[in-house]
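Residue numbers (the working numbering): 32 to 307.
Glycine included, each C-beta is placed from N, C-alpha and C at the ideal position.
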Amino acid sequence: MTNMTLPRTLQLAVDARGVARITMNRPEVFNAFNELMIAELAQAVEQLSADAGVRLIVLAGAGKAFSAGADIQWMKRASEASQEENLQDARRFAKMLHLIADCPKPTLALVQGLALGGGVGLAAACDIALASADAKFAVSEARFGILPAVIGPYVVNAVGPRQARRLALTASRITAEQALAMGLLHEVVATAAELDAALERWVAELLLNGPLAQGEIKRLIAQLEVGPVTAEVRELTAQTISRVRMGEEARQGFAAFLAKQPAPWVPQAGDDATKN
Numbered sequence: 032m033t034n035m036t037l038p039r040t041l042q043l044a045v046d047a048r049g050v051a052r053i054t055m056n057r058p059e060v061f062n063a064f065n066e067l068m069i070a071e072l073a074q075a076v077e078q079l080s081a082d083a084g085v086r087l088i089v090l091a092g093a094g095k096a097f098s099a100g101a102d103i104q105w106m107k108r109a110s111e112a113s114q115e116e117n118l119q120d121a122r123r124f125a126k127m128l129h130l131i132a133d134c135p136k137p138t139l140a141l142v143q144g145l146a147l148g149g150g151v152g153l154a155a156a157c158d159i160a161l162a163s164a165d166a167k168f169a170v171s172e173a174r175f176g177i178l179p180a181v182i183g184p185y186v187v188n189a190v191g192p193r194q195a196r197r198l199a200l201t202a203s204r205i206t207a208e209q210a211l212a213m214g215l216l217h218e219v220v221a222t223a224a225e226l227d228a229a230l231e232r233w234v235a236e237l238l239l240n241g242p243l244a245q246g247e248i249k250r251l252i253a254q255l256e257v258g259p260v261t262a263e264v265r266e267l268t269a270q271t272i273s274r275v276r277m278g279e280e281a282r283q284g285f286a287a288f289l290a291k292q293p294a295p296w297v298p299q300a301g302d303d304a305t306k307n
C-alpha cells in the first residue's frame with residue numbers, strides 16, 4: 032500500500048487480493064467523525080484509490096456502531112466559528128464524501144448498530160452497502176436544527192428524492208429491512224457476526240471482473256441520468272465501449288474466456304493473507 036501517515040482515528044489493512052479495509056476506530060463515541068477523522072478518511076480513500084494494487088475498498092466501523100455521524104463537539108465548535116470557517120469545514124466534508132463516491136474502485140459499506148446523519152451519508156456514498164438486521168438508520172440532522180446538506184445528494188441518489196425527503200423531514204429511525212426496501216442497502220444478514228461472510232461473497236464476485244472495466248462502469252454511470260436516451264447519451268456510450276474494448280484488459284478478458292482460463296486479474300487460491 033502507498034505510504035501514508037499512520038492514522039489516529041482509523042485502522043487500515045490490505046490483503047493479498049487487494050481488498051482494502053478502512054475501519055473507523057472511535058468506538059467510544061460510536062465512530063462519530065470530527066475534523067481529524069474526515070481528513071484521515073479523505074487521505075486514506077485518495078491514496079487507496081491511486082494504488083494499483085488495491086482492487087476494492089471496504090468501509091467499516093469498530094465496536095457496536097457503524098457511525099453516529101458528526102461528533103457533537105465538532106458541531107458545537109462549528110456553530111461558534113465564523114461563516115468562512117464553517118464553509119471551509121463543510122467543503123472538507125464534501126470532498127471526503129466525493130472521494131468515496133468517485134473512487135474508481137468498488138466501495139462497500141459494512142453497517143452494524145447505528146448509522147445516523149453523516150453515517151447514512153457514508154453508506155450511501157459507497158457502491159454497495161450491507162448491514163446486520165439490528166442496524167438502525169436515521170437522517171437525523173433536523174433534530175439539531177440543521178439539515179443533511181452535504182450528504183443530501185448521496186442519499187437522493189441511493190433512495191430517490193421522495194424517500195430522501197421523508198427521511199430528512201422526519202429524522203426518524205428506520206430498520207435495516209426498511210433501508211433495504213428503499214434501496215439504501217443491498218443485503219441484510221441476521222447478525223453482525225455474519226457481515227464478514229456476506230462481504231466475502233460480494234468480494235468474490237467483484238474480483239472476477241476487470242478492474243479497469245469497473246472504473247469505466249463507475250465513470251459512465253456517474254454521467255447517466257434517468258430520462259430520455261438522447262443523441263448525446265448514445266454517442267457517449269458508443270465512444271466509451273469502442274475505446275474500452277480496444278484496451279489490453281479487454282483483449283486479456285476475451286482471450287481468457289475463449290481459452291476457458293481465469294482472466295489474469297482473478298485472484299489465485301491462497302491470495303487472502305493480510306499484507307498491512
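Contact between V234 and M213 fails: their C-beta atoms lie close to 25 angstroms from each other, not under 8 angstroms. Taking the Cα positions, S80 is about 14 angstroms away from D158. Here DSSP, grouped into helix, strand and coil, assigns T138 to strand.
According to the DSSP secondary-structure assignment, S98 is paired through a beta bridge with A146. In this structure the stretch 207 to 225 lies against the stretch 161 to 176, because at least three pairs of beta carbons, one per stretch, are closer than 8 angstroms. The Cβ atoms of L215 and A160 lie closer than 8 angstroms to each other. Boundaries of the beta strand (DSSP E) around K167: K167 to A169. In the structure shown, M55 adopts extended strand secondary structure according to DSSP, grouped into three states. The three-state secondary structure of A91, taken from DSSP, is strand. Rounded to whole angstroms, the separation of the alpha carbons of I248 and G183 is 23 angstroms. Counting of Cβ neighbours within 10 angstroms places K95 among the exposed residues, the total staying below 16. With a contact defined as Cβ atoms closer than 8 angstroms, L90 and A140 qualify at about 5 angstroms.
Per DSSP, the beta bridge partners of Q42 are T54. Contact between S98 and G149 is confirmed by a C-beta separation of about 7 angstroms, below the 8 angstroms threshold. With contacts defined as CB atoms closer than 8 angstroms, G92 and N62 qualify as a contacting pair. Note on geometry: alpha-carbon atoms of I69 and N117 lie some 14 angstroms from one another. The alpha-carbon separation between V45 and S273 amounts to approximately 34 angstroms. Excluding five sequence positions before and after R52, the CB atoms of its chain that fall closer than 6 angstroms to its own CB belong to A44 and V89, given in chain order.
Counted as a single uninterrupted DSSP element, the alpha helix (DSSP H) harbouring I69 occupies residues E66 to A81. Counted as a single uninterrupted DSSP element, the beta strand (DSSP E) harbouring E218 occupies residues E218 to V220. Take the alpha-carbon of L87 and the one of K136: they are about 5 angstroms apart. By the C-beta density criterion, E59 is exposed, having fewer than 16 other C-beta atoms within 10 angstroms. Straight-line spacing of the CA atoms in V151 and A180 works out to 12 angstroms. Taken through DSSP and simplified to helix, strand or coil, T206 comes out as strand. Remark: C-beta atoms of A173 and L145 do not approach each other more closely than 8 angstroms. Between the beta-carbon of A156 and that of L128 there is about 5 angstroms, and that keeps the pair under the 8 angstroms contact cut.
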